[in-house]
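Written out below as structure tokens is the structure these notes cover.
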Amino acid sequence: MFAINHAATALIIKKRFPGVPLVWLLITVQFVEILWVLLNFLDIEHTWTESDINTVADIHLSYMPYSHSLMSSIVFAVMAWLIVYNFYKYRIAAIAAAIGIFSHIVLDMLTHTQDISLFPFLLEQKIGVGLYAIPMAAFFVEMAYGVFCWWVFRGSKALLATILTFNLANISFFLAVVKGPEVLMANHPYWIVGAVAVQIVVTLALIWLLAKPRSVVLEQQVALQRIRA
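Have a look at this one:
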């Protein structure tokens, strides 16, 4: 799943756990992808492309057993729970952090082809529903999911416009007749990794900025409930 919709996942978690700082949630939902970027630049995990990139199906995340295996995500989620709970004594935030981290692999399993390992060292068994093999279906599913996150959160029109704009900006990755920057990235996997890194930073920043007013309202409601209790 593309960066904007992973970032939008933090909105659902924020609505469910309104007392947890939004910035924490944004980091957790993209923790796995941030790790993937670092491991690719360190040449520990690998990405390759077809000689021509027409859609996202021509980009292959060929080796990412540490950042994107099911078991590693479970371990990351448990570690996040333990760290937040033990250092901050905040059980709700610990649960939210674990959900945020694990949400990433769940969404990727729904969209990726079979490139997600069950365990880091069992590379033969890989899973993935394979929605990216049907690019336009994936495009509409991703956009619908992003809008759903906004709707649950009850965000502003500016937040909705941002989610829609970033999804539409990615359409060239889903529709072969529309040419975009991915054409230049063929045989340049590090460019792809760099582009993902930029999208992560920009989308997290925008979601945080545009969701902040609504987040403050949710946090104030929690504070009032605690006072009344």
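Each residue of the sequence shown is one higher than the last, beginning at -18 in our numbering. Virtual Cβ for every residue (Gly too), placed ideally from N, Cα, C.
Quiz item: What residues in its chain sit with their C-beta under 7 Å from that of Glu163, if we drop five residues either side in the sequence?
Solution: One-based indexing of the sequence shown puts residue 163 at position 182. In its chain, beyond the 5 residues on either side, Ile34, Ser153, Phe154 have a beta carbon closer than 7 Å to the beta carbon of Glu163.
Quiz item: If we count Cβ pairs, one from each stretch, closer than 8 Å, do we get three or more for the segment 79 to 91 versus the segment 11 to 28?
Solution: By the Cβ test, the segment 79 to 91 is in contact with the segment 11 to 28, since at least three Cβ pairs between them sit closer than 8 Å.
Quiz prompt | Close beta carbons around Gly0, own chain, < 7 Å, minus the five adjacent residues each side | solution = In the sequence shown, residue 0 corresponds to position 19, counting from 1. Answer for Gly0: Ile73, Glu200, Val203, listed in chain order.
Exercise. Could you tell me which residues DSSP pairs with Phe(-6) in its beta bridges?
Key: Locating residue -6 in the sequence shown gives position 13, counting from the first residue. Before going on, a small fix: residue -6 reads as Ile here, not Phe. Paired residues: none, contrary to the question.
Quiz item: Going by alpha carbons, who is nearest to Ile(-7) out of Phe(-17), Leu7, Met(-18), Ala(-16)?
Solution: Position 12 of the sequence shown holds residue -7. When each option's Cα is compared against that of Ile(-7), the closest is Leu7.
Quiz item: Which of the three DSSP states, helix, strand or coil, is assigned to Thr36?
Solution: Here residue 36 is taken as the residue at index 55 of the sequence shown, counted from 1. Secondary structure at Thr36: coil, using DSSP grouped into helix, strand and coil.
Exercise. Find the nearest neighbour of Tyr126 within the set Glu26, Met52, Asp89, judged by alpha-carbon distance.
Key: As a working mapping, residue 126 is identified with position 145 in the sequence shown. The shortest C-alpha separation from Tyr126 is found at Asp89.
Self-check item: Buried versus exposed, by CB contacts within 10 Å (16 or more), Phe121
Solution: By 1-based counting over the sequence shown, the position of residue 121 is 140. Flag for Phe121 reads exposed.
Practice problem: Have a look at His169 and Ser53 and give me their C-alpha separation to the nearest angstrom. | Solution: Within the sequence shown, the letter at position 188 stands for residue 169. Within the sequence shown, the letter at position 72 stands for residue 53. Using only the alpha carbons, I get a separation of about 27 Å.
Practice problem: Would you identify the three-state DSSP class for Gln206, choosing helix, strand or coil? | Solution: Numbered from its first residue, the sequence shown carries residue 206 at position 225. Shown here, Gln206 sits in a helix according to DSSP, grouped into three states.
Practice problem: Could you check the C-alpha separation between Val18 and Ser32 for me, to the nearest Å? | Solution: Within the sequence shown, the letter at position 37 stands for residue 18. Within the sequence shown, the letter at position 51 stands for residue 32. Looking at the two C-alpha atoms, the distance is approximately 22 Å.
Quiz item: What's the gap between the Cα of Ala142 and the Cα of Ala(-16)?
Solution: Indexing the sequence shown from 1 puts residue 142 at position 161. Indexing the sequence shown from 1 puts residue -16 at position 3. In a straight line, the C-alpha of Ala142 is about 15 Å away from that of Ala(-16).
Quiz item: What is the rounded straight-line gap between the Cα of Ser98 and the Cα of Thr36?
Solution: As a working mapping, residue 98 is identified with position 117 in the sequence shown. As a working mapping, residue 36 is identified with position 55 in the sequence shown. Ser98 and Thr36 have their C-alpha atoms roughly 23 Å apart.
Exercise. Kindly indicate the opening and closing residues of the beta strand (DSSP E) around Phe57.
Key: One-based indexing of the sequence shown puts residue 57 at position 76. Where Phe57 is concerned, there is no enclosing beta strand (DSSP E), although the alpha helix (DSSP H) it sits in stretches over 51 to 69.
Quiz item: Which two residues bound the contiguous beta strand (DSSP E) that contains Glu105?
Solution: Here residue 105 refers to the residue found at position 124 when the sequence shown is read from its first residue. Counting along the chain, the unbroken beta strand (DSSP E) around Glu105 starts and ends at 103 to 108.
Quiz item: In chain order, what residues of the same chain have a beta carbon less than 7 Å from the beta carbon of Tyr66, not counting five sequence neighbours either side?
Solution: Locating residue 66 in the sequence shown gives position 85, counting from the first residue. Residues of the same chain with a CB within less than 7 Å of the CB of Tyr66, apart from the 5 flanking positions on each side, are Arg72, Ala75 in chain order.
Quiz prompt | Where the alpha helix (DSSP H) through Leu99 begins and ends | solution = For the purposes of this step, residue 99 is identified with residue 118 of the sequence shown, where counting begins at 1. Premise fails: Leu99 lies in the beta strand (DSSP E), 97 to 100, not in any alpha helix (DSSP H).
Exercise. Please state if the CB of Phe100 and the CB of Ser50 are separated by a distance shorter than 8 Å.
Key: Locating residue 50 in the sequence shown gives position 69, counting from the first residue. Locating residue 100 in the sequence shown gives position 119, counting from the first residue. For Ser50 and Phe100, yes; Cβs fall inside 8 Å.
Quiz prompt | Ranges of the alpha helix (DSSP H) found wholly within the segment 117 to 200, counting only runs of at least 4 | solution = Qualifying alpha helix (DSSP H) stretches, in chain order: 138 to 150.
Practice problem: In the DSSP assignment, find the unbroken beta strand (DSSP E) run with His85 in it and report its ends. | Solution: Counting from 1 along the sequence shown, the entry for residue 85 is found at position 104. Unbroken run through His85 is the alpha helix (DSSP H), 72 to 92; no beta strand (DSSP E).
Exercise. Compare the beta carbon distance of Asp39 and Thr30 with 8 Å and say whether it is the shorter of the two.
Key: In the sequence shown, the residue the question calls residue 39 occupies position 58. In the sequence shown, the residue the question calls residue 30 occupies position 49. Against a cut-off of 8 Å, the Cβ pair of Thr30 and Asp39 comes out as a contact.
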